[in-house]
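Here the working numbering is used: the sequence shown runs in plain steps of one and ends on residue 270. Heads up, the thing below is written out as C-alpha coordinates.
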Amino acid sequence: MEYTSGAASWQKALRRLVAGLLPRRPRQRRPFWSVGVPLIALAAGLLFTTTATTAGGTALREDRRPQLTELIEDRRAQVAANEQRAATLRGEVESRTAVLANSDGPIREQQQRADANRAEAGFTALTGPGLTVELNDAPQLSNLPEGASNDDLVVHQGDVQAVVNALWAGGAEAMSIMNVRVLATSAVRCVGNTLLLHGRVYSPPFKIVAIGDPAALRQALAASEGVRWFRDAVNNYQLGYSETAGTVTVPAFEDSTTLRSATVPAVPQ
2 MEYTSGAASW QKALRRLVAG LLPRRPRQRR PFWSVGVPLI ALAAGLLFTT TATTAGGTAL
62 REDRRPQLTE LIEDRRAQVA ANEQRAATLR GEVESRTAVL ANSDGPIREQ QQRADANRAE
122 AGFTALTGPG LTVELNDAPQ LSNLPEGASN DDLVVHQGDV QAVVNALWAG GAEAMSIMNV
182 RVLATSAVRC VGNTLLLHGR VYSPPFKIVA IGDPAALRQA LAASEGVRWF RDAVNNYQLG
242 YSETAGTVTV PAFEDSTTLR SATVPAVPQ
(Lines of atoms letter the chains of each structure in order from A and count residues from 1; the text may use other names and numbers.)
(Lines give C-alpha, C1' and ligand atoms only; values in the text may rest on other atoms or scores of the structure.)
Protein backbone atom coordinates (compact mmCIF):
# COMPACT_ATOMS: atom_id res chain seq x y z
CA MET A 1 0.00 0.00 0.00
CA GLU A 2 1.28 3.48 -0.97
CA TYR A 3 1.21 6.29 1.64
CA THR A 4 1.48 10.01 0.89
CA SER A 5 2.07 12.98 3.15
CA GLY A 6 -0.78 15.30 4.19
CA ALA A 7 0.37 18.18 1.92
CA ALA A 8 0.78 15.95 -1.08
CA SER A 9 -2.64 14.40 -0.50
CA TRP A 10 -4.20 17.82 -0.21
CA GLN A 11 -2.61 19.06 -3.47
CA LYS A 12 -3.76 15.96 -5.29
CA ALA A 13 -7.33 16.46 -4.08
CA LEU A 14 -7.23 20.12 -5.16
CA ARG A 15 -6.14 19.22 -8.66
CA ARG A 16 -9.00 16.73 -8.95
CA LEU A 17 -11.46 19.38 -7.79
CA VAL A 18 -10.20 21.97 -10.30
CA ALA A 19 -10.30 19.40 -13.09
CA GLY A 20 -13.89 18.60 -12.22
CA LEU A 21 -14.91 22.26 -12.34
CA LEU A 22 -13.32 22.97 -15.79
CA PRO A 23 -15.28 21.98 -18.95
CA ARG A 24 -13.99 18.85 -20.67
CA ARG A 25 -12.26 19.44 -23.98
CA PRO A 26 -14.38 17.87 -26.73
CA ARG A 27 -12.80 15.06 -28.74
CA GLN A 28 -11.80 16.33 -32.14
CA ARG A 29 -13.15 14.41 -35.12
CA ARG A 30 -10.92 13.71 -38.09
CA PRO A 31 -11.86 15.94 -41.02
CA PHE A 32 -13.45 14.19 -44.03
CA TRP A 33 -10.61 15.03 -46.39
CA SER A 34 -8.13 13.15 -44.24
CA VAL A 35 -10.11 9.96 -44.98
CA GLY A 36 -11.23 10.75 -48.54
CA VAL A 37 -7.82 11.65 -49.96
CA PRO A 38 -6.32 8.17 -49.47
CA LEU A 39 -9.42 6.57 -51.00
CA ILE A 40 -9.30 8.87 -54.03
CA ALA A 41 -5.59 8.19 -54.46
CA LEU A 42 -6.26 4.45 -54.32
CA ALA A 43 -9.05 4.68 -56.91
CA ALA A 44 -6.85 6.78 -59.21
CA GLY A 45 -4.08 4.22 -58.97
CA LEU A 46 -6.45 1.41 -59.91
CA LEU A 47 -7.76 3.46 -62.83
CA PHE A 48 -4.27 4.19 -64.15
CA THR A 49 -3.31 0.52 -63.85
CA THR A 50 -6.44 -0.65 -65.69
CA THR A 51 -5.92 1.93 -68.45
CA ALA A 52 -2.32 0.90 -68.95
CA THR A 53 -3.28 -2.78 -69.12
CA THR A 54 -6.11 -2.12 -71.60
CA ALA A 55 -4.02 0.10 -73.86
CA GLY A 56 -1.23 -2.45 -74.07
CA GLY A 57 1.33 0.25 -74.69
CA THR A 58 -0.76 2.07 -77.30
CA ALA A 59 -2.85 5.22 -77.17
CA LEU A 60 -6.47 4.58 -76.27
CA ARG A 61 -7.65 7.44 -78.46
CA GLU A 62 -5.65 6.24 -81.43
CA ASP A 63 -7.70 6.19 -84.63
CA ARG A 64 -8.06 2.49 -85.45
CA ARG A 65 -10.27 2.91 -88.50
CA PRO A 66 -7.42 1.99 -90.88
CA GLN A 67 -6.94 -1.23 -88.90
CA LEU A 68 -10.67 -1.98 -89.11
CA THR A 69 -10.69 -1.33 -92.86
CA GLU A 70 -7.72 -3.66 -93.31
CA LEU A 71 -9.45 -6.34 -91.22
CA ILE A 72 -12.61 -6.08 -93.35
CA GLU A 73 -10.61 -6.37 -96.56
CA ASP A 74 -8.77 -9.42 -95.20
CA ARG A 75 -12.06 -11.09 -94.32
CA ARG A 76 -13.48 -10.32 -97.74
CA ALA A 77 -10.42 -11.87 -99.36
CA GLN A 78 -10.84 -14.97 -97.20
CA VAL A 79 -14.52 -15.24 -98.12
CA ALA A 80 -13.69 -14.89 -101.83
CA ALA A 81 -11.01 -17.58 -101.54
CA ASN A 82 -13.39 -19.93 -99.73
CA GLU A 83 -16.11 -19.34 -102.34
CA GLN A 84 -13.64 -20.15 -105.10
CA ARG A 85 -12.59 -23.34 -103.32
CA ALA A 86 -16.23 -24.32 -102.80
CA ALA A 87 -16.95 -23.78 -106.50
CA THR A 88 -13.99 -25.98 -107.41
CA LEU A 89 -15.17 -28.72 -105.07
CA ARG A 90 -18.72 -28.56 -106.46
CA GLY A 91 -17.28 -28.92 -109.94
CA GLU A 92 -15.34 -32.01 -108.87
CA VAL A 93 -18.45 -33.54 -107.30
CA GLU A 94 -20.49 -32.95 -110.46
CA SER A 95 -17.71 -34.36 -112.63
CA ARG A 96 -17.38 -37.55 -110.58
CA THR A 97 -21.16 -37.90 -110.40
CA ALA A 98 -21.34 -37.72 -114.18
CA VAL A 99 -18.71 -40.46 -114.46
CA LEU A 100 -20.61 -42.71 -112.06
CA ALA A 101 -23.87 -42.04 -113.91
CA ASN A 102 -22.44 -43.79 -116.97
CA SER A 103 -22.32 -47.10 -115.12
CA ASP A 104 -24.85 -46.69 -112.30
CA GLY A 105 -28.53 -46.63 -113.25
CA PRO A 106 -29.99 -45.09 -110.03
CA ILE A 107 -27.39 -42.30 -110.03
CA ARG A 108 -28.10 -41.59 -113.72
CA GLU A 109 -31.83 -41.44 -113.01
CA GLN A 110 -31.41 -38.97 -110.13
CA GLN A 111 -29.00 -36.83 -112.14
CA GLN A 112 -31.48 -36.58 -115.01
CA ARG A 113 -34.21 -35.66 -112.55
CA ALA A 114 -32.02 -32.91 -111.05
CA ASP A 115 -31.02 -31.58 -114.47
CA ALA A 116 -34.68 -31.29 -115.46
CA ASN A 117 -35.32 -28.94 -112.50
CA ARG A 118 -32.12 -26.90 -112.62
CA ALA A 119 -33.64 -24.04 -114.58
CA GLU A 120 -36.68 -23.71 -112.35
CA ALA A 121 -34.51 -23.97 -109.25
CA GLY A 122 -32.29 -21.12 -110.43
CA PHE A 123 -29.10 -23.06 -111.20
CA THR A 124 -28.86 -22.00 -114.83
CA ALA A 125 -28.39 -18.51 -116.27
CA LEU A 126 -31.36 -17.11 -118.21
CA THR A 127 -31.63 -14.37 -120.82
CA GLY A 128 -34.80 -12.71 -122.07
CA PRO A 129 -36.92 -9.57 -122.12
CA GLY A 130 -37.27 -7.92 -118.77
CA LEU A 131 -36.86 -4.87 -116.59
CA THR A 132 -33.98 -3.37 -114.61
CA VAL A 133 -34.86 -1.28 -111.55
CA GLU A 134 -32.22 0.79 -109.74
CA LEU A 135 -32.59 2.39 -106.30
CA ASN A 136 -30.08 4.87 -104.93
CA ASP A 137 -29.53 7.08 -101.90
CA ALA A 138 -30.07 10.81 -102.18
CA PRO A 139 -27.04 13.08 -102.56
CA GLN A 140 -25.70 14.83 -99.48
CA LEU A 141 -27.86 17.89 -98.95
CA SER A 142 -26.54 20.96 -97.18
CA ASN A 143 -30.06 21.88 -96.07
CA LEU A 144 -32.56 19.12 -95.38
CA PRO A 145 -36.19 19.68 -96.30
CA GLU A 146 -38.40 20.77 -93.43
CA GLY A 147 -39.32 17.83 -91.20
CA ALA A 148 -36.82 15.48 -92.88
CA SER A 149 -33.90 13.59 -91.35
CA ASN A 150 -30.88 11.78 -92.76
CA ASP A 151 -32.89 8.56 -92.45
CA ASP A 152 -35.16 9.84 -95.23
CA LEU A 153 -32.24 10.13 -97.66
CA VAL A 154 -31.27 6.44 -97.87
CA VAL A 155 -32.76 3.31 -99.42
CA HIS A 156 -34.23 1.00 -96.79
CA GLN A 157 -34.88 -2.72 -96.65
CA GLY A 158 -38.61 -2.17 -97.13
CA ASP A 159 -37.96 -0.24 -100.36
CA VAL A 160 -35.97 -3.10 -101.90
CA GLN A 161 -38.51 -5.65 -100.70
CA ALA A 162 -41.37 -3.62 -102.19
CA VAL A 163 -39.71 -3.66 -105.63
CA VAL A 164 -38.88 -7.38 -105.43
CA ASN A 165 -42.40 -8.35 -104.34
CA ALA A 166 -43.98 -6.18 -107.04
CA LEU A 167 -41.82 -7.78 -109.75
CA TRP A 168 -42.77 -11.27 -108.58
CA ALA A 169 -46.42 -10.22 -108.56
CA GLY A 170 -45.99 -8.90 -112.09
CA GLY A 171 -45.02 -12.35 -113.36
CA ALA A 172 -41.21 -12.26 -113.16
CA GLU A 173 -39.77 -15.61 -114.25
CA ALA A 174 -36.32 -15.04 -112.72
CA MET A 175 -34.65 -12.27 -110.76
CA SER A 176 -31.29 -11.09 -109.49
CA ILE A 177 -30.21 -8.42 -107.03
CA MET A 178 -26.73 -6.95 -107.47
CA ASN A 179 -26.08 -9.71 -110.03
CA VAL A 180 -26.88 -12.43 -107.45
CA ARG A 181 -29.67 -14.87 -108.33
CA VAL A 182 -32.71 -14.62 -106.07
CA LEU A 183 -34.25 -17.91 -104.97
CA ALA A 184 -37.13 -18.90 -102.73
CA THR A 185 -34.63 -19.08 -99.85
CA SER A 186 -33.16 -15.62 -100.51
CA ALA A 187 -33.72 -12.94 -97.87
CA VAL A 188 -33.25 -9.21 -98.36
CA ARG A 189 -31.69 -7.56 -95.32
CA CYS A 190 -30.35 -4.05 -94.87
CA VAL A 191 -27.70 -3.01 -92.32
CA GLY A 192 -27.66 0.77 -92.22
CA ASN A 193 -27.59 1.84 -95.87
CA THR A 194 -25.96 -1.40 -97.07
CA LEU A 195 -27.65 -4.52 -98.42
CA LEU A 196 -26.93 -7.98 -97.02
CA LEU A 197 -27.69 -10.82 -99.43
CA HIS A 198 -26.45 -14.41 -99.07
CA GLY A 199 -23.70 -13.33 -96.68
CA ARG A 200 -22.36 -10.53 -98.89
CA VAL A 201 -22.63 -6.79 -98.28
CA TYR A 202 -23.50 -4.37 -101.08
CA SER A 203 -23.61 -0.59 -101.19
CA PRO A 204 -26.07 1.50 -103.20
CA PRO A 205 -27.11 1.91 -105.92
CA PHE A 206 -29.08 -1.33 -105.71
CA LYS A 207 -29.83 -2.94 -109.09
CA ILE A 208 -32.69 -5.42 -109.43
CA VAL A 209 -33.10 -7.33 -112.72
CA ALA A 210 -36.20 -9.36 -113.59
CA ILE A 211 -37.03 -11.45 -116.65
CA GLY A 212 -40.63 -11.13 -117.77
CA ASP A 213 -43.05 -9.00 -119.74
CA PRO A 214 -41.76 -5.42 -119.25
CA ALA A 215 -45.24 -3.90 -119.52
CA ALA A 216 -46.68 -6.25 -116.89
CA LEU A 217 -43.70 -5.68 -114.59
CA ARG A 218 -44.07 -1.90 -114.85
CA GLN A 219 -47.78 -2.14 -114.18
CA ALA A 220 -47.10 -4.21 -111.05
CA LEU A 221 -44.56 -1.63 -109.83
CA ALA A 222 -47.04 1.19 -110.39
CA ALA A 223 -49.69 -0.72 -108.41
CA SER A 224 -47.40 -1.38 -105.43
CA GLU A 225 -48.07 0.92 -102.49
CA GLY A 226 -44.52 0.54 -101.18
CA VAL A 227 -43.03 1.48 -104.55
CA ARG A 228 -45.34 4.50 -104.77
CA TRP A 229 -44.11 5.68 -101.36
CA PHE A 230 -40.52 5.43 -102.55
CA ARG A 231 -41.33 7.34 -105.72
CA ASP A 232 -42.85 10.10 -103.61
CA ALA A 233 -39.63 10.19 -101.58
CA VAL A 234 -37.71 10.45 -104.86
CA ASN A 235 -39.55 13.67 -105.64
CA ASN A 236 -39.25 15.05 -102.12
CA TYR A 237 -35.72 14.01 -101.12
CA GLN A 238 -33.95 13.44 -104.47
CA LEU A 239 -33.60 9.67 -104.00
CA GLY A 240 -32.65 7.70 -107.11
CA TYR A 241 -35.15 5.51 -108.98
CA SER A 242 -35.10 4.26 -112.56
CA GLU A 243 -36.75 1.57 -114.72
CA THR A 244 -35.11 0.31 -117.90
CA ALA A 245 -36.74 -2.24 -120.22
CA GLY A 246 -34.76 -4.45 -122.57
CA THR A 247 -33.05 -7.80 -122.95
CA VAL A 248 -31.52 -8.81 -119.61
CA THR A 249 -29.51 -11.72 -118.24
CA VAL A 250 -29.98 -13.27 -114.83
CA PRO A 251 -27.01 -15.36 -113.62
CA ALA A 252 -27.20 -18.85 -112.18
CA PHE A 253 -27.21 -19.29 -108.42
CA GLU A 254 -23.68 -20.24 -107.35
CA ASP A 255 -23.79 -20.20 -103.55
CA SER A 256 -24.39 -23.07 -101.17
CA THR A 257 -27.71 -24.87 -101.48
CA THR A 258 -27.57 -26.55 -98.07
CA LEU A 259 -30.93 -26.45 -96.29
CA ARG A 260 -31.29 -26.59 -92.52
CA SER A 261 -34.82 -27.94 -92.75
CA ALA A 262 -37.34 -28.78 -95.44
CA THR A 263 -40.78 -30.33 -95.78
CA VAL A 264 -42.37 -32.21 -98.68
CA PRO A 265 -45.57 -30.48 -99.83
CA ALA A 266 -48.71 -32.58 -99.82
CA VAL A 267 -49.70 -33.90 -103.23
CA PRO A 268 -53.21 -32.69 -104.13
CA GLN A 269 -55.68 -35.53 -104.60
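Where a beta carbon is used, it is the ideal one built from N, C-alpha and C, also for glycine. Predicted model, so just to flag it, every value in this text is computed and none were measured.
| Check | Outcome |
| --- | --- |
| Quick check on GLY129: buried or exposed, where buried means 16 or more other Cβ atoms within 10 Å of its Cβ? | exposed |
| Please state the DSSP three-state secondary structure of THR89. | helix |
| Would you report the Cα separation of ALA224 and GLN68, rounded to the nearest angstrom? | 47 Å |
| What residues in its chain sit with their C-beta under 7 Å from that of VAL155, if we drop five residues either side in the sequence? | ASP138 and ASN194 |
| In three-state DSSP terms, what is VAL202? | strand |
| Can you check the stretch 136 to 195 for any beta strand (DSSP E) of at least 3 residues that lies completely inside it and give the ranges in chain order? | 175 to 178 and 190 to 192 |
| On the DSSP bridge assignment, give the partners of TYR238 in chain order. | Per DSSP, none; premise fails for TYR238. |
| Is the beta carbon of LEU136 less than 8 Å from the beta carbon of PRO206? | yes |
| Which one of LEU43, ALA170, GLU174 and ASN166 has the shortest CA to CA distance from VAL189? | ASN166 |
| In terms of residue numbering, what span does the alpha helix (DSSP H) encompassing ALA223 cover? | 215 to 224 |
| Would DSSP call TRP34 helix, strand or coil? | Per-residue confidence for TRP34 stands at a pLDDT of 49, beneath the threshold of 50, marking its modelled position as unreliable; the derived number appears in the next sentence. DSSP places TRP34 in helix when its eight states are reduced to three. |
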